[in-house]
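Each residue of the sequence shown is one higher than the one before, counting from 63 in the working numbering.
Quick reminder that beta carbons are idealized off the backbone N, C-alpha and C, glycines included.
Bear in mind that the values here come from a model prediction, so they are computed numbers and not experimental data.
For reference, the structure discussed in these notes is given below.
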Amino acid sequence: MSIKRFFVDKVQQTTELSGEEFEHAKNVLRIGVGAEVILLDNSGKEYTAIVAQVDKKKMLLNVVREEVGEREPKTDVCLLFGYLKNADKNEFIVQKAVELGVTKIGVFSSQYSSAYMNENKLERLNKISREATKQCLRSIAPTVTYLPTLQDAFVFGKDYQNKLFACEFADTSDISLADVKGSVAIVVGSEGGFAKEEAELAKAQGYQFVTLGKRILRAETACVSLTAVIMHALGEWQ
Ligand code: SAM
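Here you go:
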């Protein structure tokens, strides 16, 4: 059973845990004085701390050790996907992408999108990212960013060394996924897929078409399977 992890805004010699993380620690996990936990501040460091005091709304912990997390990916991979109607599926994609090791996640609306984002939904996806980060023993939670248009998504991924556009109507892939090296931006459409002119826009901005075969995959299948193949190609599964 791995030592429980909690996100805090700032780690110092004596650190305060409050809010949802405190409620979960105290009321669900029954963590009390003397317990050892790991504190995360999204710096990539992991701080081992001992619970010193538990109050009604917070607990105080003394940091006894700090280490650099060993489970962050070596290469930057960003998953950009079209926002789906079904909230559970968006959460599933975020959860699996975090487990697979992406470092950034973008959710966009495109021509055939039929679902719309709001602040609460975006915060929920970032909460899913933090929970998945803790569960898979990572130390940095990928940020989920909302990108109002597909063009915003293309710009978000523009500096990645490999820009891949999963195109359901591409006959062949422009690149062999097995040979991918360097940072990768992956773009996957929503239920409605992409319009031809969106695919042309992708090409014009340096994105390479990738086909995932003759069958039309659900967006969540395409996101998870393509991310997994890329992670394997980048040597993240060694
Ligand atoms: N509405 C589209 C249609 O009926 O052809 C299907 C879109 S699919 C559900 C959602 C996204 O998954 C696509 O936009 C694409 O990014 C990706 N995808 C699904 N199957 C794919 C395939 N065979 N090759 C490449 N990408 C695929």
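Residue 178 sits exposed, since fewer than 16 C-beta atoms from the chains shown fall within 10 Å of its C-beta.
According to the DSSP assignment, residue 292 belongs to the alpha helix (DSSP H) that extends over 281-295.
Residue side-chain check: residue 289 keeps its Cβ at 7 angstroms or more from all non-hydrogen atoms of ligand 1. Residue 84 is positioned such that its CB atom lies closer than 8 angstroms to that of residue 120. Between ligand 1 and residue 170, a heavy atom-to-CB distance of less than 7 angstroms is absent. With a minimum length of 3 residues, the unbroken runs of beta strand (DSSP E) contained wholly in the segment 225-270 fall at 246-250.
Remark: C-beta atoms of residue 249 and residue 269 approach each other more closely than 8 angstroms. Excluding the 5 residues flanking it on each side, residue 75 has same chain C-beta neighbours closer than 8 angstroms at 124, 125, in chain order. Rounded to whole angstroms, the separation of the alpha carbons of residue 142 and residue 282 is 12 angstroms.
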